[in-house]
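There are 2 protein chains.
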Amino acid sequence: MPLLLCPHCGVGMKEVERRGVLVDVCPQCGGVWLDRGELEKLLAEAREVERAYEAELEAYHRKEGKAYRKKGLMKRVLDLFD
Amino acid sequence: MPLLLCPHCGVGMKEVERRGVLVDVCPQCGGVWLDRGELEKLLAEAREVERAYEAELEAYHRKEGKAYRKKGLMKRVLDLFD
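Residue numbers (full-length UniProt numbering), protein chains in the order written: chain A, 1 to 82; chain B, 1 to 82.
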């Protein structure tokens with residue numbers, strides 16, 4: 001893919017990749033661009049992190065014989081991208 | 001701020017705002033643009049969610065007299081934007 005230009009500054013953005021997710025970052029204004037596929041990967045990672053926390057909390061509740069109602073706190077962050 | 005053009009498609013992006021965070025979304029390719037300030041708000045929200053989960057897990061550990069070592073799972077997601 002050719003170099004993407006920052007929609008704000010018009011300068012070429014720098015590709016940054018970590019854990020298989022690629023974002024383009026503007027070296028001038030620090031804005032970031034995520035294409036749909038990369039955004040989905042990032043959201044999936046965030047959901048996975050949430051699942052891990054919820055699973056551990058659920059285990060504690062179970063141990064105490066209490067029902068656990070998932071918090072889904074990350075939803076309020078991820079909602080932005082629905 | 002004038003309408004931003006998608007760096008990929010060149011079409012005008014649509015501003016979407018939720019919980020005080022504003023992103024520009026390309027109606028054509030679904031890519032998203034976050035300026036630095038909006039990205040920081042989003043990262044702060046994600047960190048806050050993580051803090052809430054960790055605090056509850058820590059409370060359970062304390063109840064059992066065990067030390068809790070923070071997991072910091074969200075770090076692996078947020079690291080991308082360092």
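Glycine is no exception: its CB is placed at the ideal position from the N, C-alpha and C atoms.
- Distances from the alpha-carbon of A:A44 to those of A:Y68, A:M74 and A:A67 put A:M74 closest.
- The Cβ atoms of A:W33 and B:P27 do not sit closer than 8 Å to each other.
- Boundaries around B:L57 are those of the alpha helix (DSSP H), R36 to K63, since no beta strand (DSSP E) includes it.
- Per DSSP, B:K75 is one residue of the alpha helix (DSSP H) stretching across K75 to L78.
- Annotated as proximal: A:D35 and B:C29, with beta-carbon spacing under 8 Å.
- Straight through space, the alpha carbons of A:Y60 and A:L42 are spaced by roughly 28 Å.
- According to the DSSP assignment, A:L3 belongs to no beta strand (DSSP E), since it is labelled neither H nor E.
- Neighbourhood of B:C29 in chain A, by CB distance below 8 Å: D35 and R36, in chain order.
- Boundaries of the beta strand (DSSP E) around A:D24: V21 to V25.
- Take B:L4, set aside five residues on each side of it, and the residues of its chain with a beta-carbon closer than 7 Å to its own are M13, D24 and W33, in chain order.
- Contact of B:R62 with chain A by beta-carbon distance below 8 Å is absent, the smallest such distance being about 12 Å.
- The beta-carbon of A:A67 is placed no less than 8 Å from the nearest beta-carbon of chain B.
- In this structure, A:V21 lies near B:L80, with their beta-carbon atoms less than 8 Å apart.
- For A:E45, the closest Cβ of chain B is nearer than 8 Å.
- Exposed is the label assigned to B:A67, since fewer than 16 other Cβ atoms lie within 10 Å of its Cβ.
- One Cα belongs to B:A46, the other to B:E15, and the distance between them is close to 21 Å.
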